[in-house]
Ligand SMILES: Cc1ncc(COP(=O)(O)O)c(C=O)c1O
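Below is the structure:
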C-alpha cells in the first residue's frame with residue numbers, strides 16, 4: 001500500500017506565519033522554480049510557514065491556499081485541493097473532459113461570459129489588452145499578443161521573425177502536428193532534428209543540421225519541460241538564425257519567452273491554462289517583434305492606424321474579446337493548477353521509484369524547469385511490451401494511459417510523401433517514442449486516482 005510519508009504534514013498554524021514582507025516570509029512567485037522549491041520542501045517535510053503568493057493575478061488562488069496555511073498536504077480529505085468532489089466512476093480516465101474546469105472556475109467563466117453578452121463586445125474589446133498585460137506580468141516578459149490559438153501563435157511568431165518561402169526551420173519530430181504545420185503554413189521546410197533524454201531538442205543535433213538556409217530553430221518544450229535554450233541560442237547565434245519557442249505545453253516555466261526571440265503559448269481547453277475554446281499568445285522581449293506579431297495577427301494592419309497595412313500578409317487570428325474575458329476570469333487559478341501538477345508529478349516519482357530502481361521503467365527527472373503538462377514514463381523491456389502494459393492497465397485496473405502523439409512527424413505519410421523525411425536517422429526520438437507511456441496527470445486528478453494508477457503499474461509489472 002502506498003504511503004504518504006513525504007506528503008503528509010501538519011497544516012502550519014495561522015498565528016505562526018509571517019505577513020507578506022515581514023522577516024521569515026517568502027513569496028511563491030508562481031513560476032516553476034518557486035513551485036519546485038515549495039513542493040521539494042513539502043516532500044522533505046520542512047516547515048513551510050511564512051509563504052505568500054506573488055502579486056500576479058495568475059497566483060491569486062494559490063496565494064489563498066498558502067495564506068490559509070494549507071497547501072493541500074493531507075492525502076485526500078474532502079476539501080483538500082487534491083480531492084475531486086464530483087462523482088467518480090471507479091475508472092481512472094486519462095483526461096476527463098468534464099473536469100477541465102472546477103466549480104469555482106466554471107462560475108468565473110460564466111460571470112465573464114455573461115458580462116460580455118451584456119456589452120456585445122464579442123471580438124474586439126477591452127479584455128484583450130487587459131489579459132495581455134496580466135499575462136505579460138505573470139511571465140515577466142514585456143510584450144504579449146493574444147491570438148486565436150497556439151497554432152496561430154506559432155505561425156505569427158515565425159512570420160514575425162521573417163520565416164517565409166524557401167527557408168528551413170529546425171524542429172523536433174515528436175511534437176503535435178501544429179508545430180510542423182506552422183512551418184509549412186509559412187511556406188518553409190521543416191527540418192527534423194533529434195532530441196535528448198528529456199524529449200526536447202538536442203543542440204548538438206541542431207548544430208549538425210543548421211545551414212545558411214536555416215531561418216529559425218523551433219524547440220518544443222514537450223510535456224512542459226524547458227528545452228536547453230542557452231545551448232540552442234549559441235547555435236542559432238553562430239548561424240544568424242532566430243529562436244522561436246513552442247511553449248504551448250509550458251506556461252509557467254521560468255524563463256519562457258525570456259531567452260528566445262519569441263515564444264508561442266496555447267490556451268486550448270486541455271492545456272495547463274485552458275480556456276473555453278481555442279486561444280493562444282505570442283510573447284516576446286523585442287518591441288519590433290511584438291509590433292509585427294500584432295500586425296500579422298490582424299490582416300497586416302499597423303497596430304496604431306485603423307485598416308492601414310504595415311505587413312503584406314496578415315490573418316484574422318487575434319483572440320476574441322469573449323475568450324479574453326474568460327481568460328481574465330480563469331487566470332487566478334493558473335498557478336494553483338500548475339502547483340497541483342508539480343505536486344502530483346513529485347508523488348508519481350516517489351511512488352514509482354522502486355519500479356525505476358528495478359529497471360522496469362524509466363522516470364523523468366524532477367527539475368525546476370517543468371510545468372508537467374504530461375507525465376511520461378519509459379517502459380523498459382523488463383516490463384514487457386509498452387502496448388501490452390497499456391492494455392492490461394485498462395483491462396485489469398480500469399486505468400487509462402495514453403501514447404499522446406502516436407505517430408512521429410516523419411512517420412506520417414503525407415510528410416514522408418512530400419520528401420520531408422530526415423536525411424539522418426533520429427535514433428533517440430525513435431527509441432523514446434517506441435517506449436513512452438503517458439500516465440494520467442491533470443489538475444483535477446485525485447490522490448485516490450493517482451494511488452490506483454501507481455498500484456496498478458506495480459501489479460502489472462509484478463504479475464507479468
Ligand atoms: C506542442 C504544441 N504545439 C502547438 C499546439 C497547438 O496549440 P493549439 O491547439 O492552441 O492550436 C499544441 C496544442 O495542441 C501543442 O501541444
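Residue numbers (full-length UniProt numbering): 1 to 464.
C-beta atoms are modelled at their ideal positions from N, C-alpha and C, and glycine is treated no differently.
Remember, predicted model here, so these are calculated numbers, not experimental data.
Cβ-Cβ distance between residue i and residue j below 7 Å
i: residue 368; j: residue 223; result: no
i: residue 276; j: residue 150; result: no
i: residue 50; j: residue 26; result: yes
i: residue 310; j: residue 295; result: yes
i: residue 317; j: residue 459; result: no
i: residue 164; j: residue 187; result: yes
i: residue 217; j: residue 243; result: yes
i: residue 293; j: residue 156; result: yes
i: residue 380; j: residue 351; result: no
i: residue 141; j: residue 257; result: yes
i: residue 205; j: residue 194; result: yes
i: residue 433; j: residue 408; result: yes
i: residue 138; j: residue 58; result: yes
i: residue 37; j: residue 346; result: no
i: residue 203; j: residue 226; result: no
i: residue 386; j: residue 424; result: no
i: residue 441; j: residue 344; result: yes
Status (buried if at least 16 other CB within 10 Å, exposed otherwise) for residue i
i: residue 373; result: buried
i: residue 62; result: buried
i: residue 221; result: buried
i: residue 148; result: buried
i: residue 308; result: exposed
i: residue 365; result: exposed
i: residue 305; result: exposed
i: residue 298; result: buried
i: residue 246; result: buried
i: residue 261; result: buried
i: residue 82; result: buried
i: residue 102; result: buried
i: residue 427; result: exposed
i: residue 118; result: exposed
i: residue 16; result: Bear in mind that a pLDDT of 41 at residue 16, under 50, signals an unreliable position, so the model cannot answer this.
i: residue 53; result: buried
Limits of the unbroken beta strand (DSSP E) element including residue i
i: residue 266; result: 262-266
i: residue 168; result: 168-172
Residue i beta carbon near ligand 2 (any heavy atom closer than 6 Å)
i: residue 82; result: Ligand 2 is not part of the structure shown, which contains ligand 1 as its ligands.
Which residues DSSP lists as bridging residue i, in chain order
i: residue 298; result: 316
i: residue 439; result: 375
i: residue 281; result: 146, 265
i: residue 365; result: Per DSSP, none; premise fails for residue 365.
i: residue 26; result: 51
i: residue 243; result: 217
i: residue 190; result: 169
i: residue 370; result: 225
Unbroken alpha helix (DSSP H) run spanning residue i, endpoints
i: residue 209; result: 203-209
i: residue 392; result: 386-397
i: residue 461; result: 447-462
i: residue 342; result: 334-351
i: residue 231; result: 229-239
i: residue 64; result: 60-67
i: residue 123; result: No alpha helix (DSSP H) holds residue 123; DSSP gives it neither H nor E.
i: residue 328; result: 321-330
i: residue 414; result: 413-417
i: residue 34; result: 32-43
i: residue 183; result: 177-185
Rounded distance between the beta-carbons of residue j and residue i, thought under 8 Å
i: residue 253; j: residue 410; result: Not quite, the Cβ-Cβ distance comes to about 27 Å (not below 8 Å), so this is no contact.
i: residue 135; j: residue 281; result: 6 Å
i: residue 132; j: residue 144; result: 4 Å
i: residue 174; j: residue 429; result: 5 Å
i: residue 99; j: residue 86; result: 7 Å
i: residue 182; j: residue 201; result: Not a contact, Cβ separation roughly 15 Å.
i: residue 401; j: residue 94; result: 6 Å
i: residue 403; j: residue 456; result: Not a contact, Cβ separation roughly 17 Å.
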